[in-house]
Amino acid sequence: MRFLTSTYSRLVPIFLAILTFCSLAWAQDGTVDDPESKIIGKPDVFIQVTPVEGGPDTIKITIPFQDFDVANLEAMCNGIGAYLNSEVRGLSVYGPGTGTSANLYFPQASFAVYHVISREDKGIDFNALIKPIMTVEPRFKSFSVIIDGMAPEFNTVKSVTLDSVMVRGSAIENPAALEYRIMVLTSDLATLDIPRLSEVQQTTTTAPSKPTSPGLPKIVFVLIGLSVVSLFALVYFALRSAARR
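Per our numbering, the sequence shown runs over residues 19 to 263.
1. DSSP on methionine 152, reduced to helix/strand/coil?
2. Flag glycine 73 as yes when its Cβ comes closer than 7 Å to any non-hydrogen atom of the ligand FAD, and as no otherwise.
3. Quick check on leucine 91: does DSSP put it in helix, strand or coil?
4. Report back the beta-carbon spacing between phenylalanine 129 and isoleucine 77 to the nearest angstrom; my notes put them in contact at under 8 Å.
5. Based on the DSSP secondary-structure assignment, which residues constitute the bridge partners of glycine 187?
6. Tell whether a beta-carbon distance below 8 Å holds between isoleucine 125 and isoleucine 65.
7. Kindly indicate which three-state DSSP category serine 205 falls into: helix, strand or coil?
8. What residue range does the beta strand (DSSP E) around serine 110 cover?
9. So isoleucine 151 and isoleucine 212 are in contact, right, with Cβ under 8 Å, and what is the actual spacing, rounded?
10. Determine the closest residue to glutamate 71 out of Ile135, Tyr112 and Met201, with distance taken between C-alpha atoms.
11. Could you check the C-alpha separation between arginine 186 and phenylalanine 158 for me, to the nearest Å?
12. Could you name the residues of the same chain whose beta carbon sits closer than 8 Å to that of aspartate 181, not counting the 5 residues immediately before and after it, in chain order?
13. Using only the alpha-carbon positions, how far apart do serine 216 and glycine 167 sit?
14. Pull up the DSSP beta-bridge partners for valine 131, would you.
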């Protein structure tokens with residue numbers, strides 16, 4: 019009996035170690051890539067839009083990469099004007115350490131165009147801001163868009179989840195503004211269509227589903243099976259040895 023007890027005392031830690039390893043393997047394999055996390059973090063492009071009553075909307079674009087080619091930034095700005103069929107007015111493009119501020123750390127551009135914000139329904143043409151930027155290499159996919167002076171209304175876009183894009187809006191107070199975090203999930207711009215208003219969103223988007231944890235991976239079942247077989251084998255031989263004594 020003493021021998022059997024000693025055998026069990028040696029087997030239990032081994033069995034527990036195997037189970038611990040299995041649980042760790044399950045936890046690692048069960049990690050789910052949450053799409054929601056893709057729009058959290060530092061954006062690739064910052065866009066600030068200021069609606070001007072009776073005039074064109076002013077836009078400021080900042081690329082948070084010091085070595086980004088300002089010629090590509092200029093092409094992005096002209097692309098936005100072409101998309102909106104509006105003349106780009108007062109375009110200024112600066113690289114780090116140039117322009118009106120010697121402390122400018124990243125490439126930045128400012129200009130004015132019409133039709134970004136609708137004066138009738140206050141719809142926001144996200145496609146005009148995002149698509150032209152994505153035609154220039156490298157293709158940025160994460161954006162922060164701030165609309166100055168706007169407060170959320172019943173038809174303001176709040177949340178969009180499509181196969182091609184995710185959009186999350188939030189209100190900023192004092193001074194009032196709307197901030198949108200946008201993550202483009204496709205490389206095919208023909209399939210990218212971001213709704214202007216929430217009433218469009220309701221018919222074209224689906225609610226984000228919560229990520230589900232996958233079942234146990236096969237390796238866990240194999241390890242558990244081997245540990246059980248090993249345990250029974252050790253107990254069997256321990257009992258035989260005890261019986262012979």
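In this text, a Cβ means the ideal position worked out from N, Cα and C, and glycines have one as well.
On the basis of the supplied data:
1. In the sequence shown, counting from the first residue as 1, residue 152 sits at position 134. It is helical.
2. This structure lacks the ligand FAD; in fact it carries no ligand of any kind.
3. The count along the sequence shown starts at 1 and reaches residue 91 at position 73. Taken through DSSP and simplified to helix, strand or coil, leucine 91 comes out as helix.
4. Start at 1 with the first residue of the sequence shown, and residue 129 comes out as number 111. Start at 1 with the first residue of the sequence shown, and residue 77 comes out as number 59. About 6 Å separates the two Cβ atoms, so the contact holds.
5. Counted from its first residue, the sequence shown places residue 187 at position 169. BP columns for glycine 187 point to Tyr198.
6. In the sequence shown, residue 125 corresponds to position 107, counting from 1. In the sequence shown, residue 65 corresponds to position 47, counting from 1. The residue asked about is misnamed: residue 125 is proline in this sequence, not isoleucine. No, they are not a contact pair.
7. Within the sequence shown, numbered from 1, the residue matching residue 205 stands at position 187. Serine 205: coil per DSSP, three-state reduction.
8. Numbered from its first residue, the sequence shown carries residue 110 at position 92. It spans 107-112 - the beta strand (DSSP E) in which serine 110 sits, taken as one unbroken run.
9. Numbered from 1 along the sequence shown, position 133 holds the residue referred to as residue 151. Numbered from 1 along the sequence shown, position 194 holds the residue referred to as residue 212. With a contact defined as Cβ atoms closer than 8 Å, isoleucine 151 and isoleucine 212 miss out at about 13 Å.
10. On the sequence shown, position 53 is the one that residue 71 refers to. Residue nearest to glutamate 71 within the set Ile135, Tyr112 and Met201 is Ile135 (criterion: CA-CA distance).
11. Taking the first residue of the sequence shown as position 1, residue 186 is located at position 168. Taking the first residue of the sequence shown as position 1, residue 158 is located at position 140. Near 17 Å, if we compare the C-alpha coordinates of phenylalanine 158 and arginine 186.
12. Here residue 181 refers to the residue found at position 163 when the sequence shown is read from its first residue. Leu203, Thr204 and Thr209.
13. Along the sequence shown, read from residue 1 onward, the residue named residue 216 stands at position 198. Along the sequence shown, read from residue 1 onward, the residue named residue 167 stands at position 149. Those two C-alpha atoms are separated by around 19 Å.
14. Here residue 131 is taken as the residue at index 113 of the sequence shown, counted from 1. Bridge partners of valine 131: Asp75.
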